[in-house]
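> Here you go, one structure.
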Amino acid sequence: MFKRFPELGLLLVRLTLGSIFFFHGAQKVLGLFGGPGLDGFIQWAATLHIPTWLAYLGAFAEFIGGILLFLGIFSELGALAVIGVMIGAIYYVHLDKGYFIQNGGFEYPLNLILFSLAIIIGGPGALALWDHCKK
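Next comes the structure, spelled out in C-alpha cells:
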C-alpha cells in the first residue's frame with residue numbers, strides 16, 4: 003500500500019543517533035554546549051565509582067562514535083562504540099532506577115542501543131560518506 007524507503011529510514015536513524023552522541027560527547031570531551039568538559043566529566047564519573055580509564059574511553063567513544071555515525075563513515079564501528087557507552091550508562095547510572103525514564107531508568111539508553119543495532123544490521127542508509135569513498 004505504501005512505498006517503502008528503507009535507505010531513507012536508516013539515514014534518519016543514523017543522523018539522529020549521530021547527533022545525539024556527538025553533542026553529548028562534545029559536552030564531555032570539549033566542554034561545549036554547557037557540558038563539564040573532560041576533567042569535570044571524569045570527576046563526576048569518579049563519584050559513581052566508574053574507573054578513570056573507562057570514563058575516558060566512554061567519553062571519547064561517545065564523541066567519536068557520534069561523528070562516525072553522523073557522517074556515515076565506519077557506521078557499524080561507531081554504533082558498536084556507542085552501544086558500549088550505553089551498556090556502561092545502564093550499568094553504572096540507570097539500572098538501579100528501574101525501566102522508566104521519568105525515574106532515571108534505563109528506558110532511553112536501551113532504545114539507543116536498539117537503534118544502534120538497527121544500523122549494524124541494516125547498514126548506514128542513504129548518503130553515507132563511506133559509500134562515496136569506496137567509489
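Going left to right, the sequence shown walks through residues 3 to 137 as the numbering used here numbers them.
C-beta atoms are modelled at their ideal positions from N, C-alpha and C, and glycine is treated no differently.
Return yes when the Cβ of G127 is within less than 7 Å of the Cβ of R16, no when it is not.
In the sequence shown, residue 16 corresponds to position 14, counting from 1. In the sequence shown, residue 127 corresponds to position 125, counting from 1. For R16 and G127, yes; Cβs fall inside 7 Å.
> Ordered along the chain, which non-local residues of its own chain (more than five positions away) have a Cβ less than 6 Å from that of L73?
By 1-based counting over the sequence shown, the position of residue 73 is 71. So the list reads L131, once near-sequence residues are dropped.
> Could you check how far apart the C-beta atoms of F43 and A61 are, in whole angstroms? I think they sit under 8 Å.
As a working note, residue 43 is residue 41 in the sequence shown. As a working note, residue 61 is residue 59 in the sequence shown. Rounded, the Cβ-Cβ distance is 6 Å, consistent with contact.
> Determine the contact status of I121 and A83, defining contact as a CB-CB distance below 7 Å.
Position 119 of the sequence shown, counting from 1, holds the residue named residue 121. Position 81 of the sequence shown, counting from 1, holds the residue named residue 83. Taking 7 Å as the Cβ cut-off, I121 and A83 do not qualify as a contacting pair.
> Do I85 and I115 have their C-beta atoms closer together than 7 Å?
For this step, residue 85 is matched to residue 83 along the sequence shown. For this step, residue 115 is matched to residue 113 along the sequence shown. Yes, the pair counts as a contact, with Cβ atoms nearer than the cut-off.
> When the Cα atoms are used, what is the spatial distance from I69 to F25?
As a working mapping, residue 69 is identified with position 67 in the sequence shown. As a working mapping, residue 25 is identified with position 23 in the sequence shown. Between I69 and F25, the C-alpha separation is close to 9 Å.
> When we look at the beta-carbon of A28 and count the other beta-carbons within 10 Å, is it buried (16 or more) or exposed?
Mapped onto the sequence shown, residue 28 falls at position 26. So A28 ends up on the buried side.
> With a cut-off of 8 Å on the beta carbons, I'd call L79 and G20 a contact; round off their distance for me.
Locating residue 79 in the sequence shown gives position 77, counting from the first residue. Locating residue 20 in the sequence shown gives position 18, counting from the first residue. Their Cβ separation, rounded to whole angstroms, is 13 Å, which puts L79 and G20 out of contact at 8 Å.
> Let me check you understand the geometry: is the CB of M88 closer than 6 Å to at least one non-hydrogen atom of the ligand GTP?
Among the components modelled here there is no ligand, and therefore nothing to report on the ligand GTP.
> Helix, strand or coil for L194 per DSSP?
An answer regarding residue 194 cannot be provided, because it is not within the stretch 3 to 137 covered by the chain.
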